[in-house]
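Have a look at the structure below before the remarks.
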Amino acid sequence: MKIGKSDMTNTPEARAAGDCAPQPSRMSAESDGSLAASRCATAVANSNIALIKYWGKADERLIIPRASSLSLTLDGLSTSTTVQFGASDADSLTIDGTTQQGTALNRVSAFLDIIREKAGINLPARVTSANTVPYGAGLASSASAFAALAGAACEAAGLDATPRELSRLARRGSGSACRSIFGGLVKWNAGHDDESSYAEPVDSGDMDLAVIVVLISGEKKPISSREAMRRTVVTSPLYDAWIDSCQDDLDAALAAIRQGDVERFGELTEANSFGMHASMMASRPAVLYWLPETVSALNAVTSIRDGGLGAWSTMDAGPNVKVLTDGRDAERVADELRNRLPDCEVQIHRPGDGLRFVR
């Protein structure tokens, strides 16, 4: 499988991420560990929504999950990132036009250190990123962000990484990012070490899926996913029971995909999500991202389904509700949601592509 390459230089994403001057296709490292000249690369990745959830790490440093997961990469929720090594005296990070310091920059620098070590270089990098995903609102902004960063940084550093290697690298920045290397349905094999924990695409067969996002809030969530995961794993009396159910849910979901059974797939998706959130709410203190509008949206999904339309809710770490449906029903389900939730923005997202480079 090859990572896509497309001419996106005239898109808003590419322009916001910054222009790369033409550079040689590969550059060798000098004996002192620096590149012969600065090299620039831009990559674009879409966010993904976990349908069988990832929540909790077996290894915090390597970001090895406690269970395998299944996701759908979505169109229209993307990050475009440009990395240029040797363009500044120290690592710098700009997100949507705003210079970042503190935790955000430190996290990116730590990730770049992994790339620099693999490439045998010691140059600082200038990183510029543009997003169509609200940051920290439960729409997996870190998934698209670190998938795009992994791709752009590897390309800029001269690393010829395979899709699986890119998946493993992206995982080191944010677990869910490993799934955004690929398009469509994607399985993240939990594994037990760095080599065995990676994502791979899943054949969707004839299954036509869409995800409708009910955007309740784009505000940054009060507790990060990383901290919420730690708290749930350590303190929730419900967590072990939920994590034990995830493999059965995953096996059943993969069987439903093979059979083209959207209804069964949706039921599993919704149940797995509610189980995760129940374990979070049982944490001490509780991890609760829901707002009153969240409950209204969840009730609306149930009402729509009771009316005969296939619609199943799922949520990540945030107040926003996603609705899985058959792609042929997406417009009708979205209209029903808009009628029931007039104050919420409702967006239809189809399966999106995997990582691609801007040329």
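Each residue of the sequence shown is one higher than the one before, counting from 1 in the UniProt record's numbering. The beta carbon of each residue, even a glycine, is placed where N, CA and C say it ideally should be. The structure presented is a predicted model; accordingly, all values stated were derived computationally and were not measured.
By DSSP's assignment, V202 forms no beta bridge with any residue. Membership of D249 in the alpha helix (DSSP H) is indicated by the continuous run Y239 to Q259.
Per DSSP, I181 lies in no beta strand (DSSP E) and is assigned neither H nor E. Pairing Y289 with G327 gives a Cβ-Cβ distance that is not under 7 Å. DSSP assignment within the stretch 110–158 yields the following whole beta strand (DSSP E) runs of 3 residues or more, N-terminal first: 125–131. In the DSSP assignment, L288 falls outside any alpha helix (DSSP H), carrying neither H nor E. Excluding five sequence positions before and after I114, the CB atoms of its chain that fall closer than 6 Å to its own CB belong to R172, given in chain order. In the displayed model, I304 falls within a helix according to three-state DSSP. Here DSSP, grouped into helix, strand and coil, assigns R39 to strand.
For the set R359, R350, V301 and R356, the Cα lying nearest the Cα of D335 is the one of V301. The beta-carbon separation of N46 and L70, rounded to 16 Å, does not stay under the 8 Å limit for a contact. Here E345 carries a strand assignment [DSSP, helix/strand/coil].
The count of Cβ pairs closer than 8 Å, one atom from the stretch 47–56 and one from the stretch 259–274, reaches three, so the stretches are in contact.
Around the beta carbon of Q247, a 10 Å sphere encloses fewer than 16 other beta carbons of the protein chains shown; the residue is thus reported as exposed. Per DSSP, the unbroken alpha helix (DSSP H) holding T269 starts and ends at V262 to M281. Three or more beta-carbon pairs drawn from the stretch 168–183 and the stretch 145–153 are found closer than 8 Å, and the two stretches are therefore classed as touching.
One alpha carbon belongs to M207, the other to D261, and they sit about 8 Å apart. Following the DSSP letters along the chain, one finds D335 inside the alpha helix (DSSP H) bounded by residues A330 to R340. With distances taken between CA atoms, L105 lies nearest to T128 out of T314, A143 and T128. The closest CA to that of S141, considering only F111, I95 and V186, is found on I95.
The C-alpha of D316 lies about 29 Å from the C-alpha of T162. By the C-beta criterion, the stretch 83–103 is judged not to be in contact with the stretch 205–223, since fewer than 3 inter-stretch pairs fall below 8 Å.
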